[in-house]
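Protein chains in written order, with full-length UniProt numbering: chain W, 1 to 193; chain D, 1 to 193; chain B, 1 to 193; chain R, 1 to 193. Beta carbons are placed, not taken as given, at the ideal position from N, Cα and C, and that holds for glycine. See structure below.
There are 4 protein chains.
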Amino acid sequence: MEAIRRAGIKRLYKQGFEAMKLRDLADDVGIQAGSLYNYIRQKQDLLFMILSDIMERLHEGLSAELEGIEDPVEELRRFIAFHIRWHTARKEEVFIGNMELRSLTPANYRKIIAERTKYEHRLRSIIEEGNKAGAWSVRDPQVTSYATIAALTGVCTWYNPRGRLSQSELIDLHIEYVFHSFGLDISDASGPD
Amino acid sequence: MEAIRRAGIKRLYKQGFEAMKLRDLADDVGIQAGSLYNYIRQKQDLLFMILSDIMERLHEGLSAELEGIEDPVEELRRFIAFHIRWHTARKEEVFIGNMELRSLTPANYRKIIAERTKYEHRLRSIIEEGNKAGAWSVRDPQVTSYATIAALTGVCTWYNPRGRLSQSELIDLHIEYVFHSFGLDISDASGPD
Amino acid sequence: MEAIRRAGIKRLYKQGFEAMKLRDLADDVGIQAGSLYNYIRQKQDLLFMILSDIMERLHEGLSAELEGIEDPVEELRRFIAFHIRWHTARKEEVFIGNMELRSLTPANYRKIIAERTKYEHRLRSIIEEGNKAGAWSVRDPQVTSYATIAALTGVCTWYNPRGRLSQSELIDLHIEYVFHSFGLDISDASGPD
Amino acid sequence: MEAIRRAGIKRLYKQGFEAMKLRDLADDVGIQAGSLYNYIRQKQDLLFMILSDIMERLHEGLSAELEGIEDPVEELRRFIAFHIRWHTARKEEVFIGNMELRSLTPANYRKIIAERTKYEHRLRSIIEEGNKAGAWSVRDPQVTSYATIAALTGVCTWYNPRGRLSQSELIDLHIEYVFHSFGLDISDASGPD
DNA sequence: TATGAATGAGGGTTCATTCAT
DNA sequence: TATGAATGAACCCTCATTCAT
């Protein structure tokens, strides 16, 4: 079952939901197409399961990262670091998470979007806290949260683990980028690690 | 033919390449499925034509926008404004321009990606000019250009023409966002218009 | 029109009736597919016209060859020579004449077969005359006429004008073959030419 | 699978490769068209399989017939008998074996033709052995083998099991025909059976 | 007489899904 | 839980034929 999920992610990434053939997926796992139906009831189910799972892990990861932090600046720094770390480590999942929403059943679509919105609200909350605490003064927290997430997520469209920049360099560059855009001096970002 | 292109864009946006049925497309245009083949030789051709066309218009639009401008700050400002204006006005095209690349034949894929890269290089060149001219000092022009384009392009995933913010407000917010991230004061951006 | 017939023969030979596309045929002639319908009413018509024409010319050719001859031996010799000469010179027509009968409409099929049978009867008549005249003694004129025509027609499945044997050598060999099979000495065949 | 082969032969005989519809074929077998693809990968495969199979059985049949025979006269007699017996018993296979070659893929075509040539060479070898052994003196073994095979194969274009002549009468007539054409007296052919 | 766009039936092939074993 | 043959709907694409120009 876990094998099916993993193979499903790979195929969804490479081919997309419509182009992915259950026969090929079964082949990847080493079973016959018919046998897949002992694990899923429909092709659609597989997509939803995979996407739900991705969202869930994303939430858990972020929660763990921010646990106990109260300073907005530090929260922002950690959000950026976590987002890039998680996204670059899971290029495939992120890609599917953005591309395959369209193939979801309306009901399933709503559920996944709700999760994604929840995640976006975490950054927005941080921005608003920072505004309140005087850490920065961002004019439009909603737009800024969208722009920031887009900028950070964009990384994984071109990130190459064996490329010019290491993951931590990438994180530094984006912390600088975002902090600047928030009107913060980069030195403010120097945290405990 | 133009009708086919327009209907194709709509269907690609709503359903994606694989899910789009040529019969439905023909229906949209008011002809029989077989008649489509007087205009295209394959389904794949339609996708490629549409994507090529989008890229071409994007290039032309940007060239017109930047024509005669020499000041990097002004160029950057115009790039941002143009990008948001163009992308929010063409949500559908932008969406398929990102999503349907995967459905391209390898040969066609390479051609489209080459065009996209050319576009990205325009911003990178602006950044590098600005570095040279002392307008700003951006540490990593490549990464910064990617992050910026991602942030700006992200707009059209949530932009709603009848939403809270007008297009020009959106542009202002993003100019501010990007200028800050470049370490520029927003007032520097005040151009002739 | 004559160009269409000639191109039709070529295409029928190479591809067969079902596989032959009217578009390609039109291309060969240098017109559009639609324009063909100024000359034929249906694809089937073309086939019938071509086959009728072939049969007609075959009959005419044989009649001219046998005109005025009364000696069965000489008639046989001339029949063989004519058949091989005509068939090797018209490989394509002969081939279609055998292969494409199946694609004819039942009504058309009957007409063509009637012509072919008439042709076969010419040889049978010669054989029977020879029996009567004591030129040879063939046990079963019908079977022998079939076997003989098959043997002769077979030539054009492998005949190559630039091959080892010239047309007249081929004719000599087959005259010998058939005369022997009729129990005739080959020297009997030496005619005026 | 065997049912598909048999139905395929029938349909190829009646309609030809291009005109044969897989849907009809499936109907003959009592399955859906799609189910055919559990047995073949392409329509072309079916044709090739059938033709290969025919050639293989033909070779096997002949080998069995000639096994242990060393006398060229007897070999010739048996070749004729076998060829007519096999061909009249398999009118349909013989027909498509000649007609549908054209519908083969070039690669497949070469393979089948190679088999056919091998078969023709068997007769040619017999003729050459007979020449060497002084059993007969045939001027051009190649041409004679072609003419002979054509004459014999022609039988099945008109042979009717309920017709005037029995199979064995037919064989006798053709043995006489061919033996004469080889310059042999028919009495030489009287073998053990 | 020629064009070329349109038709419409249908053909080969694919594939999610089912089900008896 | 696994198989693999069967289903059946549908999809892309083809092509003879029509017809307004």
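Simplified DSSP state of residue i, which is helix, strand or coil
{"i": "Y177/R", "result": "helix"}
{"i": "R90/R", "result": "coil"}
{"i": "L22/D", "result": "helix"}
{"i": "F182/W", "result": "coil"}
{"i": "Q42/W", "result": "coil"}
{"i": "F17/R", "result": "coil"}
{"i": "Q167/R", "result": "helix"}
{"i": "G61/W", "result": "helix"}
{"i": "G191/D", "result": "Per-residue confidence for G191/D stands at a pLDDT of 47, beneath the threshold of 50, marking its modelled position as unreliable; the derived number appears in the next sentence. Coil at G191/D, not helix or strand."}
{"i": "E56/D", "result": "helix"}
{"i": "G8/D", "result": "helix"}
{"i": "D172/W", "result": "helix"}
{"i": "M49/W", "result": "helix"}
{"i": "D71/R", "result": "coil"}
{"i": "I31/B", "result": "coil"}
Distance between residue j and residue i (C-alpha atoms, nearest Å)
{"i": "R162/R", "j": "A89/R", "result": "12 angstroms"}
{"i": "Y13/W", "j": "I96/W", "result": "6 angstroms"}
{"i": "I40/D", "j": "A33/R", "result": "29 angstroms"}
{"i": "D45/W", "j": "I113/W", "result": "16 angstroms"}
{"i": "G5/B", "j": "M20/W", "result": "Here residue 5/B turns out to be Arg, not Gly, going by the sequence shown. Each residue's alpha carbon lies about 49 angstroms from the other."}
{"i": "M1/R", "j": "D53/R", "result": "13 angstroms"}
{"i": "L173/R", "j": "S35/B", "result": "53 angstroms"}
{"i": "A177/D", "j": "V143/W", "result": "Note that residue 177/D is Tyr in the sequence shown, not Ala. So the two alpha carbons sit approximately 10 angstroms from each other."}
{"i": "I186/W", "j": "E56/W", "result": "32 angstroms"}
{"i": "E100/D", "j": "L170/W", "result": "28 angstroms"}
{"i": "E128/W", "j": "T117/W", "result": "16 angstroms"}
{"i": "A26/B", "j": "K111/B", "result": "27 angstroms"}
{"i": "T105/R", "j": "C156/B", "result": "23 angstroms"}
{"i": "R78/B", "j": "I80/R", "result": "28 angstroms"}
{"i": "Q15/R", "j": "A7/R", "result": "12 angstroms"}
{"i": "G134/W", "j": "I175/W", "result": "19 angstroms"}
{"i": "L22/B", "j": "N38/D", "result": "16 angstroms"}
{"i": "S168/R", "j": "D71/R", "result": "22 angstroms"}
{"i": "D24/D", "j": "I50/D", "result": "17 angstroms"}
{"i": "Y109/D", "j": "I31/D", "result": "29 angstroms"}
{"i": "V29/B", "j": "K43/B", "result": "15 angstroms"}
{"i": "R122/B", "j": "R122/R", "result": "34 angstroms"}
{"i": "W158/W", "j": "R11/D", "result": "28 angstroms"}
{"i": "N98/W", "j": "N160/W", "result": "19 angstroms"}
Short Cβ contact (8 angstroms threshold) for residue i with residue j
{"i": "residue 196/R", "j": "W86/R", "result": "Since the first residue shown for chain R is 1 and the last is 193, residue 196/R is missing from the structure and cannot be characterised."}
{"i": "G183/D", "j": "H83/W", "result": "no"}
{"i": "L58/B", "j": "S103/B", "result": "no"}
{"i": "E115/R", "j": "I9/R", "result": "no"}
{"i": "S145/R", "j": "E120/R", "result": "yes"}
{"i": "I126/D", "j": "L76/D", "result": "yes"}
{"i": "A147/D", "j": "A151/W", "result": "yes"}
{"i": "P141/R", "j": "R124/R", "result": "yes"}
{"i": "residue 203/D", "j": "V73/D", "result": "Summary: the structure shown does not reach residue 203/D, with chain D confined to residues 1 through 193, and so no result is reported for it."}
### Query
Mind pulling the alpha helix (DSSP H) runs of 4 or more residues that sit fully within the region 83-165 of chain D?
Counting whole runs of 4 or more residues, the region 83-165 of chain D contains the alpha helix (DSSP H) stretches 91-99, 106-133 and 141-158.
### Task
Please name the residues in the region 167-191 of chain W whose beta-carbon is closer than 8 angstroms to at least one beta-carbon of chain D, in chain order.
Answer in chain order: L170, L173, H174, E176, Y177, V178, H180, S181, F182 and G183.
### Contact set between the region 141-159 of chain W and chain D, restricted to residues whose Cβ is under 9 angstroms from the partner
Within the region 141-159 of chain W, the residues whose Cβ lies closer than 9 angstroms to some Cβ of chain D are Q142, V143, T144, Y146, A147, T148, I149, A150, A151, L152, T153, G154, V155, T157 and W158, listed in chain order.
### Residues from the region 16-31 of chain D in contact with chain W, defined by Cβ distance under 7 angstroms
Under the 7 angstroms Cβ criterion, the region 16-31 of chain D contributes G16, E18 and A19.
### Contact set between the region 90-122 of chain B and chain R, restricted to residues whose Cβ is under 8 angstroms from the partner
Cβ contacts with chain R come from M99, R102 and S103.
### Task
Check each residue of the region 74-85 of chain W: if its Cβ is closer than 7 angstroms to any Cβ of chain D, include it; give the result in chain order.
Along the region 74-85 of chain W, none of the residues has a CB nearer than 7 angstroms to a CB of chain D.
### Task
Identify each residue in the region 125-139 of chain B for which the Cβ-Cβ distance to at least one residue of chain R is less than 8 angstroms, and report them in chain order.
For the region 125-139 of chain B, which is checked against every Cβ of chain R, the residues closer than 8 angstroms are R139.
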